[in-house]
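Residue numbers (my numbering): 7 to 348.
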Amino acid sequence: MLPSHVECFNTRLGKAKAFERFELFDRDAVTLSPSSSGQEIRLSPGTAVIVTGYVPFNAIRFSVNLSCNSSADNVALHFNPRLQRGYVVRNSKLRNQWQEEERCSSSGRSGFLFHRDTYFHLMIFCTPNEYQIAVDGEHFCSFAYRIPLAAVTELQVQGDVEDVRTRVTTFKEYPDYKNYPPKYNLEVFTDKPLNNKLDIPVTVSIPEGIRVGTRISVKGRLKLLPHSFYLNLQKGRTIYPHPEIGLHLNPRFLFGSAEPCVVMNCWQNGSWEHEERHEGVLSWGPGREFVLTLVCEYEAYTIWLGSKMIGEFIHRVSLESIDTIKICGDVVIYELCVTHAP
Numbered sequence: 007m008l009p010s011h012v013e014c015f016n017t018r019l020g021k022a023k024a025f026e027r028f029e030l031f032d033r034d035a036v037t038l039s040p041s042s043s044g045q046e047i048r049l050s051p052g053t054a055v056i057v058t059g060y061v062p063f064n065a066i067r068f069s070v071n072l073s074c075n076s077s078a079d080n081v082a083l084h085f086n087p088r089l090q091r092g093y094v095v096r097n098s099k100l101r102n103q104w105q106e107e108e109r110c111s112s113s114g115r116s117g118f119l120f121h122r123d124t125y126f127h128l129m130i131f132c133t134p135n136e137y138q139i140a141v142d143g144e145h146f147c148s149f150a151y152r153i154p155l156a157a158v159t160e161l162q163v164q165g166d167v168e169d170v171r172t173r174v175t176t177f178k179e180y181p182d183y184k185n186y187p188p189k190y191n192l193e194v195f196t197d198k199p200l201n202n203k204l205d206i207p208v209t210v211s212i213p214e215g216i217r218v219g220t221r222i223s224v225k226g227r228l229k230l231l232p233h234s235f236y237l238n239l240q241k242g243r244t245i246y247p248h249p250e251i252g253l254h255l256n257p258r259f260l261f262g263s264a265e266p267c268v269v270m271n272c273w274q275n276g277s278w279e280h281e282e283r284h285e286g287v288l289s290w291g292p293g294r295e296f297v298l299t300l301v302c303e304y305e306a307y308t309i310w311l312g313s314k315m316i317g318e319f320i321h322r323v324s325l326e327s328i329d330t331i332k333i334c335g336d337v338v339i340y341e342l343c344v345t346h347a348p
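Take a look at the structure:
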């Protein structure tokens, strides 16, 4: 076992090197004192809370909390990376009782997001209905409000994290591609299949747009215990403001006590419209590969799973506005292909 003074030296040396490699250092962020109970904040839609910090090489877990009082009896958001288990817990606490937690893998488009002996950049962006959370400049997950946003009074960072710095600011869009450009600008062109960098969630531009005769083919595989996934044909890449969506295709496998179904809808004029639901046993199998095809017909989109048509959705949004494909959820994508009729 190394003497304590050697361990401390190695920790400082690791932190210094990690800081040199850190590309998202925020010059306007203010150091949060380790002795401080937290930082007073006020949140509203459009507010972004930025937290950066160093994860030491012996870290097990840490948390970022948006609390409603200094005693932490009410926590609107508990964001808790657990490094030993490789996942992130999101939860809330009401009257000193933890609520139902949500878990997700701590991996993103660039691999595992929280590494020991590295710095991280965390952004919590407030929309009218939920927190949108980005790690190292990439959207990671969301968390619907369980406690009103106006009730949040304090930011707390606890656990195995050092050199914590914070900033509260505002943005007009999320993700903020101007200040945090994506590592990859994915585009798909006619007869040029896209078959790499398709880690979920994935957003792909269609520079040529879609029109009658356009065929979008998705080759992939369901995860072993799928809850749901969705594919959007939408306008633009942003999450906030909410984009116009011409088709929201949402297969649901394990969705509470509800029967498996495929939900289809669209978003325009600031809200979801009437959804169409096709219930019953789905042809998708957990862990099995599939080919999903969307065909833009004159009056509707037709949706095919392999050679079987599983639904259609009458056009409600102008085709001219659709320029982006977005896929999220419990699915692995191998290839994305777009073709247009002559």
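Each residue gets a CB set at the ideal place from its N, CA and C atoms; glycine is no exception.
Computed from a predicted structure; not experimentally measured.
Problem set entry | Test item: CB-CB of Val158 and Ile47 under 8 Å | Indexing the sequence shown from 1 puts residue 158 at position 152. Indexing the sequence shown from 1 puts residue 47 at position 41. The answer is yes: Cβ separation under 8 Å.
Problem set entry | contact_flag[the segment 54-69, the segment 192-210] where n(CB pairs < 8 Å) is 3 or more | Segments in contact, no.
For this session: To the nearest angstrom, report how far apart Pro282 and Gly59 are at their CA atoms.
Result: In the sequence shown, the residue the question calls residue 282 occupies position 276. In the sequence shown, the residue the question calls residue 59 occupies position 53. The sequence as given places Glu at residue 282; Pro does not occur at that position. Those two C-alpha atoms are separated by around 45 Å.
Exercise. Nearest-angstrom Cα distance between Tyr151 and Asp142?
Worked result: Here residue 151 refers to the residue found at position 145 when the sequence shown is read from its first residue. Here residue 142 refers to the residue found at position 136 when the sequence shown is read from its first residue. If you take the alpha carbons of Tyr151 and Asp142, they lie about 23 Å apart.
Problem set entry | Option nearest Cys334 by Cα separation, candidates Ala82, Gln105 and Cys110 | Against the sequence shown, residue 334 aligns to sequence position 328. Of the candidates Ala82, Gln105 and Cys110, the residue whose Cα lies closest to the Cα of Cys334 is Cys110.
Exercise. Run through DSSP, which three-state label would Lys229 get?
Worked result: On the sequence shown, residue 229 is found 223 positions in, with the first residue counted as 1. Lys229: coil per DSSP, three-state reduction.
Exercise. Between the segment 161-176 and the segment 67-83, do at least 3 Cβ pairs fall closer than 8 Å?
Worked result: These segments touch.
Problem set entry | Rounded C-alpha distance that separates Val337 from Glu303 | Sequence index remark: in the sequence shown, residue 337 carries index 331 (1-based). Sequence index remark: in the sequence shown, residue 303 carries index 297 (1-based). Using only the alpha carbons, I get a separation of about 26 Å.
Problem set entry | Length at least 3, wholly inside the segment 17-80: the beta strand (DSSP E) runs in chain order | The beta strand (DSSP E) runs of length 3 or more contained entirely in the segment 17-80 are, from start to end of the chain, 53-61 and 68-73.
Exercise. Hey, quick one: how far does the beta strand (DSSP E) through Gly317 stretch, first residue to last?
Worked result: As a first step, residue 317 must be located in the sequence shown, where it is residue number 311. Counting along the chain, the beta strand (DSSP E) containing Gly317 begins and ends at Lys314 to Ile320.
Exercise. What do you get for Tyr183, buried or exposed, if any count of 16 or more other CB atoms within 10 angstroms of its CB means buried?
Worked result: Numbered from its first residue, the sequence shown carries residue 183 at position 177. Exposed: under 16 other Cβ atoms inside 10 Å.
For this session: Give the single residue among Thr124, Val210, Val174 and Phe120 whose Cα lies nearest to the Cα of Leu342.
Result: On the sequence shown, position 336 is the one that residue 342 refers to. Selected option, being the one with the closest Cα: Val210.
Problem set entry | Extent of the continuous beta strand (DSSP E) run through His284 | Taking the first residue of the sequence shown as position 1, residue 284 is located at position 278. Where His284 is concerned, the enclosing beta strand (DSSP E) stretches over Glu282 to Glu285.
Exercise. From Val208, Asn256, Arg258 and Val218, pick the residue whose C-alpha is nearest to that of Thr244; which is it?
Worked result: Here residue 244 refers to the residue found at position 238 of the sequence shown. Nearest C-alpha to Thr244: Val208.
For this session: Give the secondary structure of Val194 by DSSP, where H, G and I count as helix, E and B as strand, and everything else as coil.
Result: Taking the sequence shown and counting its residues from 1, one reaches residue 194 at position 188. Note: Val194 maps to coil in three-state DSSP.
For this session: Let me know the beta strand (DSSP E) ranges lying completely inside the segment 217-277, each 3 residues or longer, listed in chain order.
Result: Those beta strand (DSSP E) runs which fall completely within the segment 217-277 and span 3+ residues are 221-228, 235-240, 251-258 and 267-274.
Problem set entry | Straight-line gap, Val224 to Ile130 (C-alpha atoms, nearest Å) | Mapped onto the sequence shown, residue 224 falls at position 218. Mapped onto the sequence shown, residue 130 falls at position 124. Rounded to whole angstroms, Val224 to Ile130 spans 31 Å at the Cα level.
Exercise. CB-CB under 6 Å to Val95, same chain, minus the five flanking residues each way: which ones, in chain order?
Worked result: Along the sequence shown, one-based indexing puts residue 95 at 89. Hits under 6 Å: Asn86, Glu107 and Arg109.
Exercise. Buried or exposed: Phe231, going by 16 or more other Cβ atoms within 10 Å of its Cβ?
Worked result: The residue labelled residue 231 in the question sits at position 225 within the sequence shown. Here residue 231 turns out to be Leu, not Phe, going by the sequence shown. Leu231 should be labelled exposed.
Exercise. Grouping DSSP H, G and I as helix and E and B as strand, with all else coil, what is Glu108?
Worked result: Position 102 of the sequence shown, counted from the start, is the residue given in the question as residue 108. DSSP places Glu108 in strand when its eight states are reduced to three.
Exercise. Who are the Cβ neighbours of His1 in its own chain at under 6 Å, not counting the five residues just before and after it?
Worked result: In this structure the chain extends from 7 to 348, so residue 1 is not present and cannot be described.
For this session: Could you check what DSSP says for Glu326 in three-state terms: helix, strand or coil?
Result: Numbered from its first residue, the sequence shown carries residue 326 at position 320. Correct three-state label for Glu326: helix.
Problem set entry | Outcome for Lys99 when other beta-carbon atoms lying within 10 angstroms are tallied against a minimum of 16 | As a working mapping, residue 99 is identified with position 93 in the sequence shown. With at least 16 other beta carbons inside 10 angstroms of its own, Lys99 counts as buried.
Exercise. From Tyr307 to Glu160, what distance separates their C-alpha atoms?
Worked result: Sequence index remark: in the sequence shown, residue 307 carries index 301 (1-based). Sequence index remark: in the sequence shown, residue 160 carries index 154 (1-based). So the two alpha carbons sit approximately 47 Å from each other.
Exercise. Exposed or buried, what is Cys14 when buried is set at 16 or more other beta-carbons lying within 10 Å of its beta-carbon?
Worked result: As a first step, residue 14 is located in the sequence shown; it is residue number 8 there, counting from the start. Note that Cys14 has pLDDT 45, beneath the 50 cutoff, so the model's placement of it is unreliable and no number is given.
Problem set entry | Buried versus exposed, by CB contacts within 10 Å (16 or more), Gln90 | Stepping through the sequence shown from its first residue, residue 90 is reached at position 84. Exposure of Gln90 is indicated by the presence of fewer than 16 other C-beta atoms within 10 angstroms of its C-beta.
Problem set entry | Length of the line joining the Cα atoms of Leu8 and Ala54 | Position 2 of the sequence shown, counting from 1, holds the residue named residue 8. Position 48 of the sequence shown, counting from 1, holds the residue named residue 54. Because the pLDDT of Leu8 is 41, which lies under 50, any placement of that residue in the model is unreliable, and the number read from its coordinates should be weighed accordingly. The C-alpha of Leu8 lies about 42 Å from the C-alpha of Ala54.
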